[in-house]
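The structure appears right after this line, and notes come after that.
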Amino acid sequence: MQSKVSSIQKPATPSLKGFEWRNYIVYFAFVGVLIYFSISLSDEGFLTSGNLLNIVRQTATISLMALAMTFVISTGEIDLSVGSIAALSSLVGALAIQAGYGIIGGLIGGVGTGLVVGLINGLLVTKVAIPSFLVTLGTMGAIKGAAMWVTDTAPVPIVDANFNFIFGSGDIGPIPVLLIWTLVFTVIAHILLRKTSFGRQVLATGGNENAARFSGVKTMKIKLMVFLATGLMAGLAGLLYAGRMNAGRFSFGEGDELSVIAAVILGGTSLFGGVGTIIGTIVGSLMIGTINNGLIIMGLDVSQQMIIKGIIIILAVAFGKKALKR
């Protein structure tokens, strides 16, 4: 079955003959962004180690959710609920710790919340056959409301220093814990997508679902699993938000779905399915974080940042569609 799946994937895989610069556009763009901000903000400390590490901390949650989103988009689906899941998971985890269940209780509460929502999304897409855009748009609103309702919009402080260290605010020497979380899951995701039959089935499902199904791939099962993965990673991202900010808040993750999708598409994953890249996703996430950081230093507010990110997504999708036609 694996050989058949591989043959399905090959037409959607970027050509390895010669150097195709379109396959590396995100890397060129990232270097260009770094050079631009390094020159224009040379007097503002943009290139200091403290600021660069701060970019890593700020993008860790986006990166983790983008890793899972790469699998979802590679199957030809989408998940708009990740930001809301992160918010609710941060609150559930914080409430579990506050109730005396400790780090393990907080971890189970936060990640479990994400898995439950991911399961609901996956079942509605695969069993009820509702388009993923509509399903996750609906759950995004419902979960956001639940996050606001569960604590009446009040933050839930976390006084457990060990939890805060492990899930966000800690540093091991000069290395932020958030960077370690990102690196570990990047390696896992890359191996899953490129070195396992599961990854090949994900790409085959997005490349040609009917052909994949006829070759023996359980496409509905694959889609259910990728939605579970996004729920899990969004739940973990919520805990990282809580650990970094020492509290759970309903406002965490607001607008993150835009940044996550931008990172994935900029990284080279096709919005139409069948092509995915984990390394590109991480570079895309870092580029989004670098742009946000640079714009903040320049004095632009959140609304202006959202406008620019929206433009970036439109350009990335348009470029990707043009590249596919070629």
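Numbering-wise (the numbering used here), the sequence shown opens with residue 1108 and increments by one.
Where a beta carbon is used, it is the ideal one built from N, C-alpha and C, also for glycine.
Computed from a predicted model, the values in this text were never measured in an experiment.
Distance check for residue j and residue i, CA to CA, integer angstroms please.
i, j, result
"SER1366", "SER1392", "8 Å"
"ILE1420", "ASN1228", "24 Å"
"LYS1330", "PRO1264", "36 Å"
"LEU1300", "VAL1382", "10 Å"
"SER1113", "ASN1317", "Caution is warranted here: a pLDDT of 45 is assigned to SER1113, below 50, making its placement in the model unreliable, and the coordinate value is therefore given only provisionally. When rounded, the distance between both Cα atoms is 15 Å."
"VAL1291", "GLY1207", "29 Å"
"GLY1152", "LEU1285", "22 Å"
"LYS1117", "ALA1311", "Here the model assigns LYS1117 a pLDDT of 45, short of 50, so the residue's position is not dependable, and the following value carries that caveat. C-alpha separation (whole angstroms): 9 Å."
"GLY1396", "GLY1139", "14 Å"
"ILE1414", "ALA1268", "37 Å"
"THR1246", "ILE1146", "43 Å"
"LYS1416", "LEU1422", "10 Å"
"ALA1354", "ALA1201", "7 Å"
"ALA1425", "ILE1210", "44 Å"
"TRP1288", "ILE1418", "29 Å"
"THR1337", "ASP1259", "26 Å"
"PHE1305", "THR1293", "16 Å"
"LYS1302", "ASP1150", "45 Å"
"GLY1401", "PHE1144", "6 Å"
"ASP1278", "GLY1342", "22 Å"
"ILE1180", "THR1384", "11 Å"
"GLY1406", "LEU1141", "17 Å"
"GLY1217", "PHE1359", "13 Å"
"VAL1266", "PRO1281", "24 Å"
"ILE1237", "LEU1230", "9 Å"
"LEU1148", "GLN1165", "19 Å"
"GLY1219", "GLY1212", "10 Å"
"THR1155", "ILE1298", "33 Å"
"THR1326", "ALA1349", "35 Å"
"GLU1223", "LYS1328", "Reading the sequence as shown, one finds Val at residue 1223 and not Glu. Spanning the two alpha carbons is a distance of roughly 16 Å."
"ALA1344", "ALA1136", "26 Å"
Am I right that residue i and residue j are in contact with their C-beta atoms under 8 Å? What's the rounded C-beta distance?
i, j, result
"LEU1346", "LEU1214", "7 Å"
"ALA1254", "ALA1194", "4 Å"
"MET1072", "LEU1171", "Outside the shown range of the chain (1108 to 1433) lies residue 1072, about which nothing can therefore be said."
"ILE1204", "PHE1274", "Not quite, the Cβ-Cβ distance comes to about 10 Å (not below 8 Å), so this is no contact."
"ASP1408", "ILE1169", "So it is not a contact: roughly 19 Å between Cβ atoms."
"PHE1272", "ILE1185", "With 8 Å as the limit, PHE1272 and ILE1185 do not qualify as a contact, their Cβ atoms being about 34 Å apart."
"GLN1308", "VAL1324", "5 Å"
Taking the continuous alpha helix (DSSP H) assigned at residue i, which residues delimit it?
i, result
"PHE1144", "1132-1147"
"ASP1259", "No alpha helix (DSSP H) holds ASP1259; DSSP gives it neither H nor E."
"THR1155", "First-last for THR1155: undefined, no H or E at that position."
"THR1233", "1209-1233"
"VAL1189", "1189-1205"
"ASP1363", "1363-1373"
"PHE1305", "1304-1314"
"VAL1390", "1385-1405"
"ALA1268", "1268-1271"
Identify the residues that DSSP records as bridge partners of residue i: which are they?
i, result
"ASP1278", "PRO1283"
"GLY1355", "VAL1263"
Considering only the alpha carbon of each residue, which of the options lies closest to residue i?
i, options, result
"LEU1198", "VAL1257, THR1233 and GLY1225", "VAL1257"
"ILE1192", "ALA1425, GLU1361 and GLY1314", "GLU1361"
"ILE1368", "ILE1415, MET1176 and SER1149", "MET1176"
"ILE1404", "LEU1159, GLY1374 and LEU1244", "LEU1159"
"PHE1357", "ILE1295, ILE1204, GLY1190 and GLY1350", "GLY1190"
"GLY1374", "GLY1380, ILE1386 and PHE1270", "ILE1386"
"ILE1389", "ARG1307, GLY1380 and THR1376", "THR1376"
"LEU1099", "LYS1251, VAL1309 and GLY1225", "Residue 1099 lies beyond the stretch modelled for the chain, which goes from 1108 to 1433, so this question has no answer here."
"ASN1399", "ILE1162, THR1337 and ILE1142", "ILE1162"
"PRO1283", "PHE1135, ALA1167 and PRO1238", "ALA1167"
"ILE1250", "ALA1136, SER1196, VAL1133 and ILE1169", "SER1196"
"VAL1371", "LYS1234, ALA1173, THR1155 and MET1327", "ALA1173"
"GLU1313", "GLY1380, GLN1411, TYR1143 and SER1156", "A small correction: the amino acid at residue 1313 is Gly; Glu does not occupy that position in the sequence shown. Nearest C-alpha to GLY1313: GLY1380."
"SER1276", "THR1303, MET1327, VAL1232 and ARG1351", "ARG1351"
"VAL1232", "VAL1218, GLY1221 and THR1182", "THR1182"
"ILE1295", "LEU1378, PHE1178 and SER1322", "PHE1178"
Please confirm if residue i has its CB atom under 9 Å from at least one CB of chain D.
i, result
"ILE1192", "Among the protein chains of the structure shown there is no chain D, as only one such chain exists."
So does residue i have its beta carbon nearer than 8 Å to some heavy atom of the ligand HEM?
i, result
"PHE1135", "Among the ligands in the structure shown, none appear at all, so the ligand HEM cannot be discussed."
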